[in-house]
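Trainee: Mind looking over this structure? Questions follow.
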Amino acid sequence: MTTLFDGDIADSDAMDAFGEHLAASLRAGDLVILTGPLGAGKTTLTRGIGRGLGVRGQVASPTFVLARTHPSLTAGGAPLVHVDAYRLGSAAELDDLDLDYASSVVVVEWGSGLLDGVAESWLEVTIARPTGDTDDDAGAQEPRDTLDEPRHVRIDGFGPRWEGVSLQPAPPTI
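Take 1 as the starting number for the sequence shown in full-length UniProt numbering and just add one per residue.
Laid out in structure tokens, this is it:
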């Protein structure tokens, strides 16, 4: 494991911009796992990744469809597959979605622990709220707060794909 980024993101605009910055390092075959409580900014980060990849369509939470594919608008560009694994109970259920990992950039919200063995290399992005907030509201209907306050983001790279890669310089942080 290699830590590629560990810092604070000021607000939702900065989180979106950070996603766009991250997209510059992504290519077909990359798997990104997003971890954080409801309202942490996982979908906002993914929206920025989508913009950075130049994909078609509004990137929104795929909660009710579980997975959404956004084709690339760039010749030879990788599509973005955005997955919300919150309601999935096992890796087998995720496998049933028959995702195209090899030719897409796959971003999975709530995917921690469900993707073992899927890829040789992956990124794990952990988004934390300010000190004192926890995952205790993970089953809540609405996020407890908005993304207009800082978030701490840590990106760890696993496997040979991410050895020697740096995501610096990053967009402005607080």
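Glycine included, each C-beta is placed from N, C-alpha and C at the ideal position. Every value quoted in this text rests on a predicted model; they were computed, and no experiment measured them.
1. Is the segment 101–108 touching the segment 74–88, taking contact as three or more C-beta pairs under 8 Å?
2. Do the CB positions of Arg-47 and Asp-16 come within less than 8 Å of each other?
3. Can the beta-carbon of Arg-51 be found closer than 8 Å to that of His-70?
4. Is it the case that the Cβ atoms of Trp-122 and Tyr-86 are separated by a distance below 8 Å?
5. When you compare the CB positions of Ala-119 and Arg-151, do they come within less than 8 Å of one another, or not?
6. If you draw a straight line from the C-alpha of Val-65 to the C-alpha of Gly-7, how long is it?
7. Measuring alpha carbon to alpha carbon, tell me which of Ile-33, Gly-41, Leu-45 ends up nearest Val-108.
8. Beta-carbon separation of Leu-53 and Ser-72 under 8 Å?
9. Do you know whose CA, among Leu-97, Ala-75, His-21, lies nearest Ala-49's CA?
Mentor: This is what the structure holds:
1. They touch, by the three-pair rule.
2. By one-based count along the sequence shown, residue 47 stands at place 47. By one-based count along the sequence shown, residue 16 stands at place 16. A contact, by the Cβ cut-off of 8 Å.
3. Position 51 of the sequence shown, counting from 1, holds the residue named residue 51. Position 70 of the sequence shown, counting from 1, holds the residue named residue 70. For Arg-51 and His-70, no; Cβs fall outside 8 Å.
4. In the sequence shown, counting from the first residue as 1, residue 122 sits at position 122. In the sequence shown, counting from the first residue as 1, residue 86 sits at position 86. Judged by their CB atoms, Trp-122 and Tyr-86 are not nearer to each other than the 8 Å cut-off.
5. Against the sequence shown, residue 119 aligns to sequence position 119. Against the sequence shown, residue 151 aligns to sequence position 151. No.
6. As a working mapping, residue 65 is identified with position 65 in the sequence shown. As a working mapping, residue 7 is identified with position 7 in the sequence shown. Each residue's CA atom was taken as its position, placing Val-65 and Gly-7 some 32 Å apart.
7. As a working mapping, residue 108 is identified with position 108 in the sequence shown. Checking every option, the nearest Cα to that of Val-108 belongs to Ile-33.
8. Start at 1 with the first residue of the sequence shown, and residue 53 comes out as number 53. Start at 1 with the first residue of the sequence shown, and residue 72 comes out as number 72. Against a cut-off of 8 Å, the Cβ pair of Ser-72 and Leu-53 comes out as a contact.
9. As a first step, residue 49 is located in the sequence shown; it is residue number 49 there, counting from the start. A small correction: the amino acid at residue 49 is Ile; Ala does not occupy that position in the sequence shown. When each option's Cα is compared against that of Ile-49, the closest is His-21.
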